[in-house]
Amino acid sequence: MAISIYDIFVPPFTQMLESLDKVLSKAEADVAARKIDPSVFISGRLAPDMLPLKVQIQIMTDQAKGGASRLAGMDPPKWADDEATFADLHARVAKTIAHLKSFKPAQFEGAETRAIELKFPNATFNFTGKDYLLKFVTPNFYFHYTTAYAILRHNGVQIGKGDFIGGR
Numbered sequence: 001m002a003i004s005i006y007d008i009f010v011p012p013f014t015q016m017l018e019s020l021d022k023v024l025s026k027a028e029a030d031v032a033a034r035k036i037d038p039s040v041f042i043s044g045r046l047a048p049d050m051l052p053l054k055v056q057i058q059i060m061t062d063q064a065k066g067g068a069s070r071l072a073g074m075d076p077p078k079w080a081d082d083e084a085t086f087a088d089l090h091a092r093v094a095k096t097i098a099h100l101k102s103f104k105p106a107q108f109e110g111a112e113t114r115a116i117e118l119k120f121p122n123a124t125f126n127f128t129g130k131d132y133l134l135k136f137v138t139p140n141f142y143f144h145y146t147t148a149y150a151i152l153r154h155n156g157v158q159i160g161k162g163d164f165i166g167g168r
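Numbering (my numbering) for the sequence shown: 1 to 168.
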């Protein structure tokens, strides 16, 4: 039996987003226990030239919603990047999970050969669906999730590999 683009994308990305939501809950509890201003974590970064936690999560969720939409032949929804609290970040993650769960496997039929074009201010990228998934969306999604996780871990949140992977 062949594995489908849907199988490669929707269930694992959903699992990772659910894991992220739990990691954010642990960060919230840590902030409360240590009496730290939550904005310290939300605006936290690993290095001065890196994006803060909230932007890592915005980009990660953009990869998930945009990837699923484009692979299904649809335009991705546009969301404001205005998250400023843990509650806002939880809501964005939940909205992304709901978006992923709205897709059916049949919507991804033929996705591996679907032409996908991404336009940025200074560049345009053209992919087949397969290359878009494997060489753009997946690496970007995991890069930003790993960075968000690392920001929280660096700030002392007691999380580990099991929290990162989740799904149990």
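Think of the CB as a built atom: it goes at the ideal place given N, C-alpha and C, for glycine as much as any other residue.
Check whether the region 25–44 touches the region 120–128, taking contact to mean three or more Cβ pairs, one atom from each stretch, closer than 8 Å. Contact fails: fewer than three Cβ-Cβ distances are below 8 Å.
Kindly indicate which three-state DSSP category residue 95 falls into: helix, strand or coil? As a working note, residue 95 is residue 95 in the sequence shown. DSSP places residue 95 in helix when its eight states are reduced to three.
Please list the terminal residues of the continuous beta strand (DSSP E) segment that includes residue 155. For the purposes of this step, residue 155 is taken as the residue at position 155 of the sequence shown. Here residue 155 belongs to no beta strand (DSSP E), and DSSP marks it neither H nor E.
Please name the residue in 94, 99, 44, 82 whose C-alpha comes closest to that of residue 67. Walking along the sequence shown from the start, residue 67 turns up at place 67. Of 94, 99, 44, 82, the residue nearest in Cα terms is 99.
Thinking C-beta only, is residue 129 closer than 9 Å to residue 113? Numbered from 1 along the sequence shown, position 113 holds the residue referred to as residue 113. Numbered from 1 along the sequence shown, position 129 holds the residue referred to as residue 129. For residue 113 and residue 129, yes; Cβs fall inside 9 Å.
Residue 86 and residue 42 - do their beta-carbons sit closer together than 9 Å? For the purposes of this step, residue 42 is taken as residue 42 along the sequence shown, with counting starting at 1. For the purposes of this step, residue 86 is taken as residue 86 along the sequence shown, with counting starting at 1. Residue 86 sits close to residue 42, with the two beta carbons spaced by under 9 Å.
Which residues in the same chain as residue 135 place their Cβ atom closer than 8 Å to its Cβ, once the five residues preceding and following it in sequence are excluded? By one-based count along the sequence shown, residue 135 stands at place 135. Sequence-distant Cβ neighbours of residue 135 in its own chain, meaning closer than 8 Å and more than five residues away, are 127.
Under a three-way DSSP split, which group does residue 124 fall into? Locating residue 124 in the sequence shown gives position 124, where the first residue counts as 1. Under the three-state reduction of DSSP, residue 124 is assigned to strand.
If you follow the alpha helix (DSSP H) that residue 24 is in, where does it begin and where does it stop? Here residue 24 refers to the residue found at position 24 of the sequence shown. Where residue 24 is concerned, the enclosing alpha helix (DSSP H) starts and stops at 5–34.
Residue nearest to residue 176 in terms of C-alpha spacing, selected from 11, 16, 102: As shown, the chain starts at 1 and ends at 168. That puts residue 176 outside it, with no answer to give.
For residue 118, which residues does DSSP report across the bridge? On the sequence shown, position 118 is the one that residue 118 refers to. Looking at the DSSP assignment, residue 118 forms a beta bridge with 125.
Under the assumption that residue 64 contacts residue 13 (Cβ atoms under 8 Å), give the Cβ distance between them as a whole number of angstroms. On the sequence shown, position 64 is the one that residue 64 refers to. On the sequence shown, position 13 is the one that residue 13 refers to. About 5 Å separates the two Cβ atoms, so the contact holds.
Do residue 26 and residue 157 have their CB atoms nearer than 9 Å? Taking the sequence shown and counting its residues from 1, the one referred to as residue 26 is at position 26. Taking the sequence shown and counting its residues from 1, the one referred to as residue 157 is at position 157. When the beta-carbon positions are compared, residue 26 and residue 157 come within less than 9 Å of each other.
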